[in-house]
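Residues in the sequence shown are numbered from 57 upward in steps of one, following our numbering. Even for Gly, the Cβ is constructed at its ideal location relative to N, Cα and C. Remarks on the structure that follows.
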Amino acid sequence: TENVDNDNVRRPDWLVFARACKTSLSRWKVWGVTWFVLFTLSLAPALVTASTYADLVGNRYPGAEAAEGLGATLQSPAVSLDAVFRKDHSFALGQLDTSLGAMTAALAFVAFLFGIFAAGGWLQVILEQPTRGQVRRVGFGGARYFARVFRLAICVLLMLSLVRWIYYGDPWKRLVYGLLLDVPKYDWGRLETLESEATVARLTWLRDGLAAISFAKVLAWAIYTRTRLALRDGRSVIAAGIASGFLMARRPIQTLRPLLFLLVLEVLFVALVLGWIQGSLDARLAESPSGWHVFAMLCVGQAAAVWSHVTRGAHYHAAARVSQAFVKPSETRPDPWEEAVGGPGGPQYPVDDDGYHVSI
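See below:
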């Protein structure tokens, strides 16, 4: 393989996130495949919903009124497709909701499993850096690390459940409401015994903010743990998780800074740029409904989805560069990516003193 994007194996600087975005964008085959798979999964409930509404509406409503009524409530109830329409077709819409609930639950689980597969594929491409056959290497990496990343995903779900219980369950209520604020137990739900509504609001903001920070740290820890598993070809999720936790505790700025910058960049692009475009299209749709406006709104939504796939690859690229800078190989854990023979895009054979060891 050719070392095409190993740009920062020394001490990471603050531009790691920019180089990670650039490299992730260049891997368009990888994020294109991951986007296409999830887009295909989303077509099933979308087509079912579209066909159901097409059958219900039929030719009984003018096209412009149908387009406007589905998105906003008109003053005249005779042409509204909100309250009146849903009342007239409540049985059919109830059946649609039931079928969509079962379908989307199954598709969400498939998407969850594919996300685990895609994580291994991204790490394989980022660490191996193939110049050709990137899609094939995604498949190989996804299968190679699937079991390990799946076990880590279970750990992440348990940790996120623990975070939710700490901040929204008994620990927060007993420590903050009971011990610090001396609120009676019967009032832990409403907090009516506190001196003002502003105090209640500040407590709610503090709790939500701490929960969000803890949630983000768990997700960042998961990214570095996945990266460490692939970087040293580790098998133990617990050992990799503990080591990644110590790395983040020792190097909080170097490890969290690129992920934070990537988060800010994603929010700015999706919420400000694409959000403004979507709002403008929505306003034009209300003024003059047409199929082209709906199609343009679909394209904006998919642009946001594509950017999320790009930033996901950038997260792994940044984590890999930071980990390579601070996680040094040793005699017991050598670098499996340092020396290898094999054609670009094909199977790689790490070389050591004992001979060739096939990696697939």
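When rounded, the separation of the alpha-carbon atoms in V181 and I172 is 15 angstroms. Between L112 and A148 the beta-carbon gap is near 6 angstroms, inside 8 angstroms, which marks them as a contact. Taking C-beta separations shorter than 6 angstroms and ignoring five residues to either side along the sequence, the partners of W178 in its chain run G369 and Y372, following chain order.
Contact between the region 84-99 and the region 162-170 is established, with three or more Cβ pairs separated by less than 8 angstroms.
Shown here for E253: not one same chain residue has a beta carbon closer than 7 angstroms to its own, the five before and five after excluded. By the neighbour-count criterion, in which a residue is buried when 16 or more other Cβ atoms sit within 10 angstroms of its Cβ, V320 is exposed. Here DSSP, grouped into helix, strand and coil, assigns K384 to coil. The beta carbon of V191 is closer than 7 angstroms to those of K85 and V89 in its chain, skipping five residues each way along the sequence. For the pair V383 and L287, the CB atoms are nearer than the 8 angstroms cut-off. Between the region 253-271 and the region 298-312 there are fewer than three inter-stretch CB-CB distances shorter than 8 angstroms, so the stretches are not counted as touching.
When rounded, the separation of the alpha-carbon atoms in A381 and P68 is 7 angstroms. Counting only runs that start and end inside the region 158-237, the alpha helix (DSSP H) elements of at least 4 residues fall at 190-224. Contact check for A276 against L237 fails: the beta carbons are separated by 8 angstroms or more.
Measuring C-alpha to C-alpha distances from E184 to each of G197, A175 and Q358 identifies G197 as the nearest. Annotated as proximal: V274 and V212, with beta-carbon spacing under 8 angstroms. With contacts defined by Cβ atoms closer than 8 angstroms, V350 and V72 do not form a contacting pair. A distance below 7 angstroms between beta-carbons, with the five flanking residues on each side excluded, links W363 to the following residues of its chain, in chain order: E322, F325 and V326. Taking the Cα positions, L266 is about 11 angstroms away from Y224.
Per DSSP, the continuous alpha helix (DSSP H) segment holding A305 begins and ends at V293 to R306. For K85, the enclosing alpha helix (DSSP H) has its first and last residue at W84 to V113. One thing to note: A110 has its Cβ no nearer than 8 angstroms to the Cβ of L208. At least 8 angstroms separates the beta-carbon of D289 from that of P186. Excluding five sequence positions before and after G297, the CB atoms of its chain that fall closer than 8 angstroms to its own CB belong to L208, C211, W277 and T281, given in chain order.
Taking each of A359, A174 and P345 in turn and checking the Cα distance to I333, the smallest one comes out for A359. Here DSSP, grouped into helix, strand and coil, assigns G245 to coil.
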